[in-house]
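Visitor: Protein chains in written order, with the UniProt record's numbering: chain A, 1 to 193; chain B, 1 to 189. All residues carry an ideal CB built from backbone N, CA and C; glycine is no exception. Please find one structure pasted underneath; my questions will follow.
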């Protein structure tokens with residue numbers, strides 16, 4: 001049980017996918033202009049990441065490994081992720097139009113989020129079992145959403161702050177991201193194996 | 001090599017079939033959100049929201065292009081129902097006067113009416129009867145009080161008459177924003 005808690009803490013804080021592993025930087029910079037959209041993106045990513053890490057675990061264990069096709073992982077996982085995203089979009093459009101309205105435009109964007117593929121590949125690399133894979137995906141997504149929302153909040157404040165002319169816009173955003181990343185390095189002493 | 005090609009082909013085919021099936025299974029006709037909003041709107045087609053009718057207004061709300069507080073016939077209760085459906089904060093009705101206005105219906109002063117039929121054409125609920133060169137009158141039970149017949153009348157013989165509440169027509173008032181607040185406070189205590 002404590003092992004599962006460790007996976008969660010380690011993916012959310014210590015090995016945060018955005019600020020420590022530097023995966024999923026594109027949506028991190030792209031959708032963090034407004035707090036509202038950041039929350040929408042975080043929610044959609046959490047959903048897809050958990051589902052796709054489970055699905056790619058199943059494809060890997062029951063199809064690629066028995067056939068000795070581990071070298072096809074990347075292609076197979078991209079396929080799985082694209083299908084999961086597409087499927088989620090369809091189901092959500094039918095069952096919950098309000099949620100679809102909030103997340104709609106972000107769902108297709110997630111297909112190209114490298115954190116999703118990264119989680120699937122890391123899962124096989126670290127030889128996680130089924131529950132561990134699901135937790136790893138969920139933890140990564142929670143970490144991603146938390147950092148995205150925090151960063152969006154910081155950016156909203158920075159927008160109204162008195163920033164020197166050459167640093168305005170994306171420049172100050174990148175510096176802020178760097179500072180946040182350094183702050184997250186402080187968590188690396190939190191868990192010692 | 002051959003197994004790899006076959007395996008990926010099989011995987012893609014099964015995923016393709018799954019997506020193809022779910023595209024049929026989860027097919028969405030039109031915009032379901034606009035349908036739900038349209039069901040809440042009062043269907044008076046009065047156009048006071050600035051749109052051509054209830055359906056276009058519902059579509060504009062669903063697309064996020066219009067506020068939910070532009071429907072005076074729906075009143076505060078309608079706005080609260082919309083806010084509840086969309087998970088938005090309730091906003092006061094745009095037309096301040098409309099919220100507190102007494103319910104009234106149109107009345108045609110029949111001796112001044114010249115029988116031009118202009119008000120008949122503008123009435124969204126066909127509550128005005130009459131013919132060309134004949135005086136018109138309003139069917140009181142059908143009138144929604146939307147005031148759309150006032151501007152076209154060339155002799156200004158139409159006036160809004162407040163509906164008097166009698167013992168047989170009195171109803172419990174709809175819960176408004178204030179009442180909800182009060183109820184929530186009581187629950188907290």
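Would you please verify whether the beta carbon of residue 90 of chain A is less than 7 Å from any beta carbon of chain B?
Guide: For residue 90 of chain A, the answer is yes, since a Cβ of chain B falls inside 7 Å of its Cβ.
Visitor: Any C-beta of chain B sitting closer than 7 Å to the C-beta of residue 85 of chain A?
Guide: Residue 85 of chain A does not count as touching chain B.
Visitor: I need the straight-line Cα distance from residue 3 of chain B to residue 67 of chain A, nearest angstrom please.
Guide: Looking at the two C-alpha atoms, the distance is approximately 8 Å.
Visitor: Would residue 35 of chain A pass as an interface residue toward chain B - the criterion being a Cβ-Cβ separation below 7 Å?
Guide: Taking Cβ atoms only, chain B never reaches closer than 7 Å to residue 35 of chain A, which makes this a no.
Visitor: Have a look at B/118, B/22, B/42 and B/113 and flag the residue whose alpha-carbon is nearest the alpha-carbon of residue 76 of chain B.
Guide: If we check each option's Cα against that of residue 76 of chain B, B/42 comes out closest.
Visitor: What are the start and end residues of each continuous alpha helix (DSSP H) run of 4 or more residues lying completely inside the stretch 62-93 of chain B, in chain order?
Guide: Correct list: 75-86.
Visitor: Given a cut-off of 7 Å on the beta-carbon distance, is the pair residue 153 of chain A and residue 35 of chain A in contact?
Guide: Yes, the pair counts as a contact, with Cβ atoms nearer than the cut-off.
Visitor: List, from N- to C-terminal side, the alpha helix (DSSP H) runs of 4 residues or more that fit wholly inside the stretch 47-134 of chain A.
Guide: If we require 4 residues or more, the alpha helix (DSSP H) runs fully inside the stretch 47-134 of chain A come out as 73-95, 97-103, 106-110 and 114-125.
Visitor: Check whether chain B comes within 7 Å of residue 97 of chain A, counting only Cβ atoms and requiring the distance to be less than that.
Guide: True, the Cβ-Cβ gap to chain B drops below 7 Å.
Visitor: In three-state terms, what does DSSP make of residue 114 of chain B?
Guide: Looking at residue 114 of chain B - three-state DSSP - the assignment turns out to be coil, as it is neither helix nor strand.
Visitor: Please state the DSSP three-state secondary structure of residue 140 of chain B.
Guide: If DSSP states are grouped into helix, strand and coil, residue 140 of chain B belongs with coil.
Visitor: Could you spell out the range, first to last residue, of the alpha helix (DSSP H) harbouring residue 3 of chain A?
Guide: Here the alpha helix (DSSP H) through residue 3 of chain A covers 2-9.
Visitor: Quick one: what does DSSP say residue 165 of chain A is sitting in, helix, strand or coil?
Guide: Note: residue 165 of chain A maps to helix in three-state DSSP.
Visitor: I'd like the list of long-range same chain contacts for residue 108 of chain B, defined as Cβ closer than 7 Å, with 5 residues on each side in sequence excluded.
Guide: Same-chain partners within the cutoff: 136, 137, 138, 157 and 158.
Visitor: Closer than 9 Å by beta-carbon distance: list the chain B residues that pair up with residue 199 of chain A, in chain order.
Guide: With chain A running from 1 to 193 in the structure shown, residue 199 of chain A is simply not present.
Visitor: Hey, is residue 121 of chain A's beta-carbon within less than 7 Å of any beta-carbon in chain B?
Guide: Cβ-Cβ to chain B under 7 Å: no for residue 121 of chain A.
Visitor: Grouping DSSP H, G and I as helix and E and B as strand, with all else coil, what is residue 147 of chain B?
Guide: Of the three classes helix, strand and coil, the one that applies to residue 147 of chain B here is coil, per DSSP.
Visitor: Would DSSP call residue 125 of chain B helix, strand or coil?
Guide: Residue 125 of chain B falls in the coil class under three-state DSSP.
Visitor: Start and end of the alpha helix (DSSP H) containing residue 12 of chain B?
Guide: 2-25 is the extent of the alpha helix (DSSP H) around residue 12 of chain B.
Visitor: Using a Cβ-Cβ cut-off of less than 9 Å, list which residues of the stretch 62-85 of chain A approach chain B; keep chain order.
Guide: Residues passing the 9 Å Cβ filter: 63, 64, 67, 68, 69, 71, 72, 75, 76, 79, 80, 82 and 83.
Visitor: Taking DSSP's pairing of strands, which residues face residue 160 of chain B in a bridge?
Guide: Answer is B/106, bridged to residue 160 of chain B.
Visitor: Closer than 7 Å by C-beta to residue 114 of chain A: which residues in its own chain qualify, once you throw out the five before and the five after it? Chain order, please.
Guide: For residue 114 of chain A, where only same-chain residues beyond five positions count, the Cβ hits under 7 Å are 23 and 24.
Visitor: What residues in its chain sit with their C-beta under 7 Å from that of residue 41 of chain A, if we drop five residues either side in the sequence?
Guide: Excluding sequence neighbours, residue 41 of chain A sits near 27, 31, 106 and 148.
Visitor: Counting only beta-carbon separations shorter than 7 Å, does residue 17 of chain B have a partner in chain A?
Guide: No - not a single Cβ of chain A is within 7 Å of the one on residue 17 of chain B.
Visitor: Is residue 19 of chain A close to chain B? Criterion is C-beta to C-beta, closer than 7 Å.
Guide: It does not: the Cβ of residue 19 of chain A has no partner Cβ on chain B nearer than 7 Å.
Visitor: One question on the structure: do residue 74 of chain A and residue 145 of chain A come within less than 7 Å of each other, judged by their Cβ atoms?
Guide: Contact flag unset, no.
Visitor: Can you give the beta carbon distance from residue 132 of chain B to residue 115 of chain B, rounded, assuming they're within the 8 Å contact cut?
Guide: With 8 Å as the limit, residue 132 of chain B and residue 115 of chain B qualify as a contact, their Cβ atoms being about 6 Å apart.
Visitor: At the 7 Å Cβ level, is residue 141 of chain B part of the contact set with chain A, yes or no?
Guide: Not one chain A Cβ lies under 7 Å of residue 141 of chain B.
Visitor: With DSSP as the reference, label residue 16 of chain A as helix, strand or coil.
Guide: Reduced to three states, the DSSP call for residue 16 of chain A is coil.
Visitor: Ends of the alpha helix (DSSP H) at residue 36 of chain B?
Guide: That run of the alpha helix (DSSP H) goes 32-40.
Visitor: Note the first and the last residue of the continuous alpha helix (DSSP H) segment covering residue 229 of chain A.
Guide: Since the displayed chain A opens at 1 and closes at 193, residue 229 of chain A lies outside it and no answer follows.
Visitor: Which term fits residue 59 of chain B, buried or exposed, when burial requires 16 or more other beta carbons within 10 angstroms of its beta carbon?
Guide: Residue 59 of chain B comes out buried.
Visitor: Kindly list the residues whose CB is nearer than 6 Å to the CB of residue 31 of chain B, restricted to its own chain and excluding five residues on each side of it in sequence; keep chain order.
Guide: For residue 31 of chain B, where only same-chain residues beyond five positions count, the Cβ hits under 6 Å are 62.
Visitor: For my contact list, residue 134 of chain A and residue 53 of chain A are in at a C-beta cut-off of 8 Å; report their separation, rounded to the angstrom.
Guide: Correct: roughly 6 Å between the Cβ atoms.
Visitor: Reducing DSSP to helix, strand and coil, say where residue 185 of chain B ends up.
Guide: Reduced to three states, the DSSP call for residue 185 of chain B is helix.
Visitor: CA-CA distance, residue 78 of chain A and residue 176 of chain A?
Guide: Near 31 Å, if we compare the C-alpha coordinates of residue 176 of chain A and residue 78 of chain A.
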